[in-house]
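A.B. asks: Here it is: the structure, laid out below.
Protein chains: 2
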Amino acid sequence: MPRQADPRKKQRILSIATDLFAANGYHGTGTAQIADAAGIGKSALYHHIKSKEEALFEISRLLLEELVQAGERIHGKAGPADDKLRQLSRELIRNIGANLTAWQVVSAEFEQLTGYRKRIIAELRRSYENTWLTVIESGTAAGLFRALDPVQAKAVITMHSQTYLWLRADGRLTPEEIADRLCELVLDGIHARPTPTGT
Amino acid sequence: MPRQADPRKKQRILSIATDLFAANGYHGTGTAQIADAAGIGKSALYHHIKSKEEALFEISRLLLEELVQAGERIHGKAGPADDKLRQLSRELIRNIGANLTAWQVVSAEFEQLTGYRKRIIAELRRSYENTWLTVIESGTAAGLFRALDPVQAKAVITMHSQTYLWLRADGRLTPEEIADRLCELVLDGIHARPTPTGT
Numbered sequence: 001m002p003r004q005a006d007p008r009k010k011q012r013i014l015s016i017a018t019d020l021f022a023a024n025g026y027h028g029t030g031t032a033q034i035a036d037a038a039g040i041g042k043s044a045l046y047h048h049i050k051s052k053e054e055a056l057f058e059i060s061r062l063l064l065e066e067l068v069q070a071g072e073r074i075h076g077k078a079g080p081a082d083d084k085l086r087q088l089s090r091e092l093i094r095n096i097g098a099n100l101t102a103w104q105v106v107s108a109e110f111e112q113l114t115g116y117r118k119r120i121i122a123e124l125r126r127s128y129e130n131t132w133l134t135v136i137e138s139g140t141a142a143g144l145f146r147a148l149d150p151v152q153a154k155a156v157i158t159m160h161s162q163t164y165l166w167l168r169a170d171g172r173l174t175p176e177e178i179a180d181r182l183c184e185l186v187l188d189g190i191h192a193r194p195t196p197t198g199t
Numbered sequence: 001m002p003r004q005a006d007p008r009k010k011q012r013i014l015s016i017a018t019d020l021f022a023a024n025g026y027h028g029t030g031t032a033q034i035a036d037a038a039g040i041g042k043s044a045l046y047h048h049i050k051s052k053e054e055a056l057f058e059i060s061r062l063l064l065e066e067l068v069q070a071g072e073r074i075h076g077k078a079g080p081a082d083d084k085l086r087q088l089s090r091e092l093i094r095n096i097g098a099n100l101t102a103w104q105v106v107s108a109e110f111e112q113l114t115g116y117r118k119r120i121i122a123e124l125r126r127s128y129e130n131t132w133l134t135v136i137e138s139g140t141a142a143g144l145f146r147a148l149d150p151v152q153a154k155a156v157i158t159m160h161s162q163t164y165l166w167l168r169a170d171g172r173l174t175p176e177e178i179a180d181r182l183c184e185l186v187l188d189g190i191h192a193r194p195t196p197t198g199t
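Heads up: the sequence lines are chains A and B, in that order. With full-length UniProt numbering applied, the first sequence closes on residue 199, and no number is skipped along the way. With full-length UniProt numbering applied, the second sequence closes on residue 199, and no number is skipped along the way.
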């Protein structure tokens, strides 16, 4: 049996590869640089990661699998759709805030993946989006949400997933506070309204 | 006096450079390829574009200047803030739909710009965002919009500017229809509401 790879070592290598991809781009980074930055030889690196593309794939897969699993957990719970939307939002913004560099890399370099790896990452993205769509549709079915055009549902998801472009780890608001503000916008819009009890 | 460059020739070269940057990435494209694809020699190319970075800068500048000017025109008109928001939205989605490849390049490769060029493009982006922020703030001042947290205003802009990620030129809806649906979402949210005249 081949010697089992230490998952913490692999995680450390992927974290180093993430930083290098973010700093120099996928095309500007080689496996030799990843090995150097990790302080290991190329053959030791090969024990964990067989290629640069495998590194990008693993970074993307781990990030998205965590989200897909969290999404399914939230979707499977009881409760109204707007609560579930708020939970999806909090989970996503927390994930983005905790993995800003990985989000930049995974978003910017997706097109560099090829073959089955590209299809798997595209499928994980689709699965995660589908959780949002299902929650939104269940809200519409329950009469809690208006019927949305697909581009509106897409915009709700994009508004959340693209926060990595401006979110800062040392920002004024916690990820949960940002999520709650985005959901307030999505759920109730920006038009001022008379309060329900207004005279 | 140096011979004046023909602006249509320059526009054609920039359009070819946009396609090459989109297909092969900024790092994967050289001025020799741009000249080849344009069917001209390197010295003829140099007459219009001095470097690869100048090409990316010009592509970005032209795209953003058009938006900034349209934004200022809309902002300068009379009318309620929600109408202006709808006009900003239509103008932006039209621009994105008409320049999808340029939007991909300008968004993906901004970090490749350096020095004064990077500062000018960042300033144009800021100016354009400021038009949206000013329109939103004027709506709040007029009592038409709720007071928004800065992250909510940012999310409204991001939701629009990131449509280049999923907008398709041959899509089901016109850019104007997409813009109107995004504005409906932003203005009134997805929560179902009793109609104002409901009994």
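Every residue gets a Cβ at the ideal spot worked out from N, C-alpha and C, and that includes glycine.
Quick check on residue 103 (chain B) - is its C-beta less than 7 Å from some C-beta in chain A?
C.D. replies: Judged by the 7 Å Cβ criterion, residue 103 (chain B) is not in contact with chain A.
A.B. asks: With a threshold of 8 Å, are at least 3 pairs of Cβ atoms found where one atom belongs to the stretch 47-58 of chain B and the other to the stretch 53-66 of chain A?
C.D. replies: No contact exists between the stretch 47-58 of chain B and the stretch 53-66 of chain A.
A.B. asks: When you compare only the Cα positions, how much space is there between residue 203 (chain A) and residue 34 (chain A)?
C.D. replies: With chain A covering only 1 through 199, there is no way to say anything about residue 203 (chain A).
A.B. asks: Which residue from A:136, A:42, A:100 puts its Cα closest to that of residue 191 (chain B)?
C.D. replies: Ranking the options by Cα distance to residue 191 (chain B), first place goes to A:136.
A.B. asks: Do the CB positions of residue 43 (chain A) and residue 182 (chain A) come within less than 7 Å of each other?
C.D. replies: Not in contact: residue 43 (chain A) and residue 182 (chain A) (Cβ atoms no closer than 7 Å).
A.B. asks: For the stretch 171-190 of chain B, enumerate the residues whose C-beta is nearer than 9 Å to any C-beta of chain A, in chain order.
C.D. replies: Residues passing the 9 Å Cβ filter: 171, 172, 173, 177, 178, 181, 182, 184, 185, 186, 187, 188, 189, 190.
A.B. asks: Just checking my contact of residue 19 (chain B) with residue 101 (chain B) at CB under 8 Å: how many whole Å lie between their CB atoms?
C.D. replies: Rounded, the Cβ-Cβ distance is 6 Å, consistent with contact.
A.B. asks: Report the rounded CA-to-CA distance for residue 145 (chain A) versus residue 175 (chain B), giving the unit in angstroms.
C.D. replies: The alpha-carbon atoms of residue 145 (chain A) and residue 175 (chain B) are separated by roughly 24 Å.
A.B. asks: Who are residue 208 (chain B)'s beta bridge partners in DSSP?
C.D. replies: Outside the shown range of chain B (1 to 199) lies residue 208 (chain B), about which nothing can therefore be said.
A.B. asks: From the beta carbon of residue 21 (chain B), is the nearest beta carbon of chain A less than 7 Å away?
C.D. replies: False, the Cβ-Cβ gap to chain A never drops below 7 Å.
A.B. asks: Do residue 96 (chain B) and residue 163 (chain B) count as a contact pair if the criterion is CB distance below 7 Å?
C.D. replies: Yes.
A.B. asks: Under a three-way DSSP split, which group does residue 166 (chain A) fall into?
C.D. replies: In the structure shown, residue 166 (chain A) sits in coil (DSSP, three-state: anything other than H, G, I, E or B).
A.B. asks: Can you name the start and end residues of the alpha helix (DSSP H) that residue 7 (chain B) belongs to?
C.D. replies: Note, residue 7 (chain B): alpha helix (DSSP H), 7-24.
A.B. asks: In three-state terms, what does DSSP make of residue 172 (chain A)?
C.D. replies: Three-state result, residue 172 (chain A): coil.
A.B. asks: Just checking residue 17 (chain A) against the ligand HEM - is the residue's beta carbon closer than 6 Å to any of the ligand's heavy atoms?
C.D. replies: This structure lacks the ligand HEM; in fact it carries no ligand of any kind.
A.B. asks: Could you check the C-alpha separation between residue 157 (chain A) and residue 131 (chain B) for me, to the nearest Å?
C.D. replies: Going by the C-alpha atoms only, they are around 24 Å apart.
A.B. asks: Give me the subset of the stretch 119-148 of chain A whose CB atoms are less than 7 Å from a CB atom of chain B, sorted by chain position.
C.D. replies: Residues 143, 144, 145, 146, 148.
A.B. asks: How would you call residue 111 (chain A), buried or exposed, if buried means at least 16 neighbouring beta carbons within 10 angstroms?
C.D. replies: Flag for residue 111 (chain A) reads exposed.
A.B. asks: For residue 93 (chain A), tell me which candidate among A:189, A:177, A:53, A:21 has the shortest Cα-Cα distance.
C.D. replies: With distances taken between Cα atoms, residue 93 (chain A) lies closest to A:177.
A.B. asks: Considering residue 37 (chain B), what are the terminal residues of the alpha helix (DSSP H) in which it resides?
C.D. replies: Residues 31-38.
A.B. asks: Going by DSSP in three states, residue 78 (chain B) sits in which element: helix, strand or coil?
C.D. replies: Coil at residue 78 (chain B), not helix or strand.
A.B. asks: Could you work out which residues of chain B lie near residue 165 (chain A), taking near to mean beta carbons separated by less than 7 Å?
C.D. replies: The contacting residues are 158.
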